[in-house]
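Report on one structure; see the data block that follows.
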Amino acid sequence: MSRAPIPNAIARLLRALPIDTPAFGAIRRRHFVYLLLQQFAALAATFAISFASLAKVVEVTSSGMQTAFTILSVVVPGLLFGLVGGVTVDRVSRRTMLIVTNLVRGLIAMAAPLYLGLAPVEVVVPIVLAVNFILSAVGQFNFPAEAALIPYLVTSEELLAANSLFNVSYLAAIGFGSALWGPLSVRLLGAEWSYFGSGVLYMLSLIPLYRLAKDAPPRERAVRPSRYARLRHVASVVADAKEGVVFAAGNTPVGVAILALASQSALALGLVAVFPVVMSNRFGIPVYDQPLLVLPAVVGAGLGLMVLISPKGGRQPRSRLVVGGNALIAAGLTVMTVALSPIDWGVPGLLVAFAIIGAGFVLAYISGKSVLQEEPPDYLRGRVISLQLTLNNLVSMVPTVLAGWGLDAWGPLAVFGGFTAAFALVTGFTGYLVHRARPEYE
1 MSRAPIPNAI ARLLRALPID TPAFGAIRRR HFVYLLLQQF AALAATFAIS FASLAKVVEV
61 TSSGMQTAFT ILSVVVPGLL FGLVGGVTVD RVSRRTMLIV TNLVRGLIAM AAPLYLGLAP
121 VEVVVPIVLA VNFILSAVGQ FNFPAEAALI PYLVTSEELL AANSLFNVSY LAAIGFGSAL
181 WGPLSVRLLG AEWSYFGSGV LYMLSLIPLY RLAKDAPPRE RAVRPSRYAR LRHVASVVAD
241 AKEGVVFAAG NTPVGVAILA LASQSALALG LVAVFPVVMS NRFGIPVYDQ PLLVLPAVVG
301 AGLGLMVLIS PKGGRQPRSR LVVGGNALIA AGLTVMTVAL SPIDWGVPGL LVAFAIIGAG
361 FVLAYISGKS VLQEEPPDYL RGRVISLQLT LNNLVSMVPT VLAGWGLDAW GPLAVFGGFT
421 AAFALVTGFT GYLVHRARPE YE
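Take the sequence shown: its letter number 320 is residue 320 in our numbering, and every next letter is one higher.
Okay, here's the thing in structure tokens:
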């Protein structure tokens, strides 16, 4: 693959730097940069819309239950369409899929001043739920296409670094959309015009997508026309989805990555459900000050990222990095549990815990994503990625409910102790799988 320069001063500066690392090699590939630009714009729009939808529902109803339904309207499509999205991505051009999905979401979002601004108050919530559901359903065909394209745009030596940069861009887009553009646009323009502005971001993402290199469909499976053609097509889709599941179950690195990423997702939502209450009740920290407690996690994440993009980190087996990262998360959870116990390490203990968890998260998350891009053959990659996303949605719903109930019934120490024990158990199991299958991937 040619290393075509980005035609601007930044690219010339990068080429002049005396650094020859996979990370800089990935940045020098202009088509990878185009993918990063469209990802940032589209994800920022997605999370800004999520914020605006919650703001609109709270404004109209002030109901916690309606807010919960709003969140579910985004999560449920992942369960219904996640695997179908992966199968579809493996049948068509990924670039074309990104263009179509961003165009559709952009048009829907830009129409919000009509269907939200002019709608009677009593139908606003159903409209928000329906629009969220549709946007999330379309997104299930977008996310696997993004991740599946990366191996086309960089070399195998640059893949881990490229995936690291891709996920840093992912986190930055979440922060920009949900913490900056979403709140600012809702405050200044209102929720419906926040939707409109996010639709403009979707449209802007089409510019780098247009410049992205065209990719051929990985595989075409023809279905002969007949009166049973539709049934055969459904059967072929089911067979394709099953093929992805069977591959993941039979490939140890992929199975370990999926288990690790799913356990991280479940842990994250469970912590989000109880952490604000614990910090307010136990330490008297207002909710609006609590994000400051997570700053050490950013420092830890930076250290973890430096390890990943270093030459030594790039030579480590991905599965070991996944297990090692989750082991660090388990260690951080242990420190957090002790901080809340009668030993009472207090807020300093929590800060240390977040730093450890941040480093472990980056090591395990980015390495796990790299495994899902490197291990599956091209015609299966989209299905494997969508399988992981679907399982994330599935396993993340239960811990949120259990954590809230457990906090009321038994208190924070029992909840955090349960988190630690469950996460350590899953991590130990994945470590056993990696150790048992070591000759398979080394």
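Every residue gets a Cβ at the ideal spot worked out from N, C-alpha and C, and that includes glycine.
Boundaries of the alpha helix (DSSP H) in which residue i is found, first to last residue
i, result
"phenylalanine 133", "124 to 139"
"glycine 304", "295 to 309"
"phenylalanine 176", "Phenylalanine 176 -> no alpha helix (DSSP H), and no H or E assigned at all."
"arginine 318", "318 to 340"
"serine 452", "Lying outside 1 to 442, the shown extent of the chain, residue 452 is not represented and no answer is given."
"serine 367", "346 to 374"
"leucine 183", "The amino acid at residue 183 is misidentified as leucine; the sequence shows proline. 182 to 189 is the span of the alpha helix (DSSP H), which, as asked, contains proline 183."
DSSP three-state assignment for residue i, whether helix, strand or coil
i, result
"alanine 260", "helix"
"alanine 437", "coil"
"glycine 431", "helix"
"alanine 162", "helix"
"threonine 155", "coil"
"serine 50", "helix"
"alanine 443", "The requested residue 443 is not part of the displayed model; the chain covers only 1 to 442."
"alanine 111", "coil"
"isoleucine 207", "helix"
"alanine 213", "coil"
"isoleucine 443", "Any property of residue 443 remains undetermined from this structure, which presents the chain solely from 1 to 442."
"proline 22", "Residue placement at proline 22 is flagged as unreliable, the pLDDT there being 48, under the threshold of 50; a coordinate-derived value is accordingly withheld."
"glycine 411", "coil"
"glycine 284", "coil"
"proline 253", "helix"
"arginine 491", "Given that the chain is displayed from residue 1 to residue 442, the structure contains no residue 491 and the question cannot be resolved."
"asparagine 142", "coil"
"alanine 377", "The question names alanine, but residue 377 in the sequence shown is proline. It is coil, neither helix nor strand."
"leucine 13", "Residue placement at leucine 13 is poorly supported in this model, since its pLDDT is 42, which falls under 50; the coordinates are not used for a value here."
"lysine 312", "helix"
CB contact check: residue i to chain C, cutoff 7 Å
i, result
"asparagine 132", "The structure shown contains no chain C; it is built from a single protein chain."
Anticipated Cβ contact below 8 Å, residue i with residue j, distance rounded
i, j, result
"threonine 390", "glycine 82", "3 Å"
"proline 296", "phenylalanine 354", "5 Å"
"phenylalanine 40", "glycine 182", "No, phenylalanine 40 and glycine 182 are not in contact; Cβ-Cβ is about 15 Å, not under 8 Å."
"phenylalanine 141", "methionine 110", "Not confirmed; about 20 Å, so no contact."
"phenylalanine 429", "leucine 267", "About 15 Å separates the two Cβ atoms, so there is no contact after all."
"glutamine 388", "leucine 305", "With 8 Å as the limit, glutamine 388 and leucine 305 do not qualify as a contact, their Cβ atoms being about 21 Å apart."
"leucine 206", "leucine 103", "6 Å"
"alanine 257", "valine 371", "4 Å"
"isoleucine 357", "isoleucine 329", "5 Å"
"valine 459", "valine 335", "What is shown of the chain runs 1 to 442, which leaves residue 459 out entirely."
"phenylalanine 47", "glycine 139", "11 Å between Cβ atoms; not a contact."
"leucine 129", "threonine 70", "7 Å"
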